[in-house]
Amino acid sequence: MKKEFARFFGDKRMVMSVILLPGIMIYVMYTFMGSALSDQFHSADDYQYRVAAVNLPASVEQLIQTSGFPFELEHLDTASADTTSANWSFHTARIEEMSLDLLVVFPTEFEQLIMTYDPLTAAIPAPNVDIYYNSASPESGEAYDSFCSMMDSYESMLANKFDINNSDERYDLASDKDTTAQVFAMLLPMLLMTFMFSSCASIAPESIAGEKERGTIATLLVTPMKRRDLAIGKICSLSCIALLGGLSSFIGTMLSIPKLMGGQMDNMDASVYGASEYAMILVIILSTVLVIVSAISVISAFAKTVKEASTMVSPLMIVTMLFGISGMFGGGAATSLPVYLIPLYNSAQCFSGIFSFTCEPFQVVLTVITNLICSGVLVFILTRMFSSEKIMY
Amino acid sequence: MKNDEILVVQNLRKTFTLSKKQQKLERTDIKRKVAVDDLSFTANRGEIFGLLGPNGAGKTTTLRLISTLIHPDSGDILVDGTSVVKEPEIVRGKIGFLTSELKLEDFFTPNYLFDFFSELHGVEPAVRDERKARLFARFGIDKFAEVKVANLSTGMKQKISLVISIVHDPEFIIFDEPTNGLDVLTAKVVTDFLLELKAEGKSILVSTHIFSLIEKICDRVGIIVDGHMILCDTLKNLTREQSLEDIFFTIYAERAGEHA
Chain A
3 MKKEFARFFG DKRMVMSVIL LPGIMIYVMY TFMGSALSDQ FHSADDYQYR
53 VAAVNLPASV EQLIQTSGFP FELEHLDTAS ADTTSANWSF HTARIEEMSL
103 DLLVVFPTEF EQLIMTYDPL TAAIPAPNVD IYYNSASPES GEAYDSFCSM
153 MDSYESMLAN KFDINNSDER YDLASDKDTT AQVFAMLLPM LLMTFMFSSC
203 ASIAPESIAG EKERGTIATL LVTPMKRRDL AIGKICSLSC IALLGGLSSF
253 IGTMLSIPKL MGGQMDNMDA SVYGASEYAM ILVIILSTVL VIVSAISVIS
303 AFAKTVKEAS TMVSPLMIVT MLFGISGMFG GGAATSLPVY LIPLYNSAQC
353 FSGIFSFTCE PFQVVLTVIT NLICSGVLVF ILTRMFSSEK IMY
Chain B
8 MKNDEILVVQ NLRKTFTLSK KQQKLERTDI KRKVAVDDLS FTANRGEIFG
58 LLGPNGAGKT TTLRLISTLI HPDSGDILVD GTSVVKEPEI VRGKIGFLTS
108 ELKLEDFFTP NYLFDFFSEL HGVEPAVRDE RKARLFARFG IDKFAEVKVA
158 NLSTGMKQKI SLVISIVHDP EFIIFDEPTN GLDVLTAKVV TDFLLELKAE
208 GKSILVSTHI FSLIEKICDR VGIIVDGHMI LCDTLKNLTR EQSLEDIFFT
258 IYAERAGEHA
């Protein structure tokens, strides 16, 4: 075990790539993705939407001024233009090349028409407002949305019978805790399972199949060291290293998820989870890493080379990821107890439960016990494999 | 077991399962290949015993069986009175085993490896440091003590492997092809060292197909062909009338005649 640590920590490049890099990479990547996503759909704050309007009624113009939308109006002369759309081609072309954001064409006598229109009989068609925009331009798309919502409120102003949520009161009663829990419980189980697995898979095959491939494990096997000690030593030291890698990824994720969510979730914060949640997560991570490292070690001991081991490990990775994804569906953690007797799946369910504040302590206890027993069995198998001449030579 | 016998091999048998591919290569339908068949011999304390035989005769298999890396199908081996079948861990503590198959991790320095293997063998730190200083100086490793094994020459690697295999100062030392792949200078260092060990009263078992090495250092010789011990006697008795090489080829021709 000491040798394994010396081997690992003596190699600065390996420390970098397994422990520090994942956390930093994830943080940087998610932060970047988050800001890129929000940038994509938001224009600069002080932007003025360039709107060309035809036959703009006075009442609408007044609404524009009071609404606070930053519209820069350009009145088009109706006298010189026909109101058929074909003749607006000059302006629609400007929208296409993004030098204009919106072209709004009102029918002449718009206010008159809406007064006479009777929605119950609908004898004549309702007056129509044409709004040309370009969805490929974020500014134009936003201008279109703003203008439409303004026109909707204009429409409801004309025949206002009742309002919904028309005050400053807080109507969405979900707390910060709930929103955070929802997002974290959906994303994190899968991310955590994947991180832990990749962290284990990056070191365990090297340490066992690699030693076999290089012939260095036989040197250990001719010493009086017990096979069991070798198996336990390998698994413990690999678990510690994998744990550090997994934790690094975990911290990176926790810090960056609020950033990934960007503007959509202003009130998300990893601090909603208390010490007990983090302690439970840590215990689950630890026991899960033990299971994964033991499983990969057994597979690696079967393999003749590191390459073969990596290939043989991939089905296990798919299963692990599927278990992780299972937390995304099915509405939170499973409540039936037998579920917590399935290694790895129980971990994913526990994560899901902890992040959504629905986890019961006995589920965590059961998961940890199951994982420990499972690791124990795998250590036993590994010990037998180290003693087997067929597998080792 | 007599008191002067360090190694007793009794009716040893070891077979390997042949894969389909190997069966095809050897043009045989037999699923199991007998590597060692009813092999018995003894080696005495303070002697160098040479196991001589062509490639594939079963020398390496025998040495691996003695060093407990593999288990016999039947028969037993007693190393200093301890059975490899019943107490392999104790046997591993009594022997030093050196073969080109056992490699050292490239990443570490000789100094670190020496300490690490000493710890595995439970050597006291004070004893370890004295032994390390002496052995490193003897083989000129001291200059390279802090250089990673990966950056050392083949000869130096072999010397380090040799030193590592005897960190626990074993009474019985097993060398598989000790001079294979070494240049003449390093080979001489190794053979001289074997004689030194013998002078210290250690018992040594070497396997080789090099006649001159046997004639130079061995007290007793066993000739193995096809997993059988054909001849086992002192070098003096064997080479009274003809050279070892002549004896070997005579025997080999006789056996080939039998099979033909």
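As you go down the protein sequences, you meet chains A and B in turn.
For reference, each letter of the first sequence is one residue, going 3 to 395 in the working numbering.
For reference, each letter of the second sequence is one residue, going 8 to 267 in the working numbering.
Quick reminder that beta carbons are idealized off the backbone N, C-alpha and C, glycines included.
Using a beta-carbon distance below 8 Å, is residue i in contact with chain B?
i	result
Thr-385(A)	no
Lys-228(A)	yes
Leu-1(A)	The structure shown does not extend to residue 1(A), since chain A is modelled only from 3 through 395, so no value can be given for it.
Ala-220(A)	yes
Glu-279(A)	no
Glu-391(A)	yes
Gly-217(A)	yes
What's the gap between the Cα of residue i and the Cα of residue j?
i	j	result
Thr-2(A)	Pro-207(A)	Past the edges of chain A, shown from 3 to 395, lies residue 2(A), and the structure says nothing about it.
Gly-162(B)	Val-213(B)	19 Å
Arg-3(B)	Gly-63(B)	What is shown of chain B runs 8 to 267, which leaves residue 3(B) out entirely.
Ile-283(A)	Met-35(A)	26 Å
Leu-288(B)	Phe-256(B)	There is no way to answer for residue 288(B), as the model of chain B reaches only from 8 to 267.
Leu-105(A)	Ser-258(A)	40 Å
Lys-66(B)	Leu-59(B)	8 Å
Val-378(A)	Phe-124(B)	In the sequence under discussion, the amino acid at residue 378(A) is Gly, which differs from the Val named in the question. Cα to Cα, the separation comes out at about 27 Å.
Leu-249(A)	Leu-346(A)	17 Å
Ser-139(A)	Met-100(A)	7 Å
Glu-157(A)	Asn-130(A)	12 Å
Ile-205(A)	Leu-240(A)	7 Å
Phe-304(A)	Lys-236(A)	15 Å
Asp-87(B)	Gly-147(B)	32 Å
Leu-380(A)	Arg-172(A)	54 Å
Ile-375(A)	Thr-33(A)	39 Å
Thr-313(A)	Ala-297(A)	14 Å
Lys-209(B)	Tyr-259(B)	32 Å
Asp-240(B)	Asp-226(B)	9 Å
Ser-37(A)	Leu-343(A)	41 Å
Phe-164(A)	Leu-102(A)	36 Å
Leu-127(B)	Thr-246(B)	42 Å
Asp-11(B)	Thr-307(A)	44 Å
Gly-217(A)	Leu-251(B)	34 Å
Gln-50(A)	Leu-75(A)	10 Å
Asp-122(B)	Gln-30(B)	44 Å
If we define contact as Cβ-Cβ less than 8 Å, is residue i a contact residue for chain A?
i	result
Arg-99(B)	yes
Phe-200(B)	no
Leu-58(B)	no
Ile-77(B)	yes
Leu-192(B)	no
Phe-48(B)	no
Leu-169(B)	no
Leu-85(B)	no
Ser-81(B)	no
Glu-96(B)	yes
Glu-112(B)	yes
Ser-26(B)	no
Glu-178(B)	no
Glu-108(B)	yes
Phe-124(B)	yes
Phe-104(B)	yes
Ser-74(B)	yes
Return the bridge partner residues of residue i from the DSSP annotation.
i	result
Gly-326(A)	None; Gly-326(A) has no bridge partner.
Ala-54(A)	Glu-76(A), Leu-105(A)
Glu-12(B)	Asn-51(B)
Gln-17(B)	Asp-83(B)
Arg-227(B)	Phe-56(B), Thr-241(B)
Arg-39(B)	Thr-24(B)
Thr-246(B)	DSSP lists no partner for Thr-246(B).
His-78(B)	Bridge partners of His-78(B): none, in fact.
Val-232(B)	His-235(B)
Rounded to whole angstroms, how far is the Cβ of residue i from the Cβ of residue j, which I believe are closer than 8 Å?
i	j	result
Leu-46(B)	Thr-75(B)	About 16 Å; that fails the 8 Å criterion.
Lys-366(A)	Val-285(A)	Sequence inspection shows Val at residue 366(A); the Lys mentioned does not correspond to that position. About 7 Å separates the two Cβ atoms, so the contact holds.
Phe-199(A)	Ile-294(A)	6 Å
Ser-90(B)	Asp-80(B)	15 Å between Cβ atoms; not a contact.
Asp-36(B)	Gly-234(B)	Not quite, the Cβ-Cβ distance comes to about 19 Å (not below 8 Å), so this is no contact.
Counting only C-beta atoms, is residue i closer than 8 Å to chain C at any point?
i	result
Arg-216(A)	Absent from the structure: chain C. Protein chains present are A and B.
The ligand PLP heavy atoms versus the CB of residue i: any closer than 7 Å?
i	result
Asn-130(A)	The ligand PLP is not part of the structure shown, which contains no ligands of any sort.
Segments of 4+ residues assigned as alpha helix (DSSP H) that fall wholly inside the stretch 76 to 151 of chain A: 91 to 98, 112 to 118
Segments assigned beta strand (DSSP E), at least 3 residues, entirely inside the stretch 158 to 200 of chain B: 179 to 183
Uninterrupted alpha helix (DSSP H) stretches inside the stretch 192 to 224 of chain A (no shorter than 4 residues): 206 to 216, 218 to 223, all fully within the stretch 192 to 224 of chain A.
Whole runs of the beta strand (DSSP E) within the stretch 95 to 145 of chain B, excluding any shorter than 3 residues: 102 to 105
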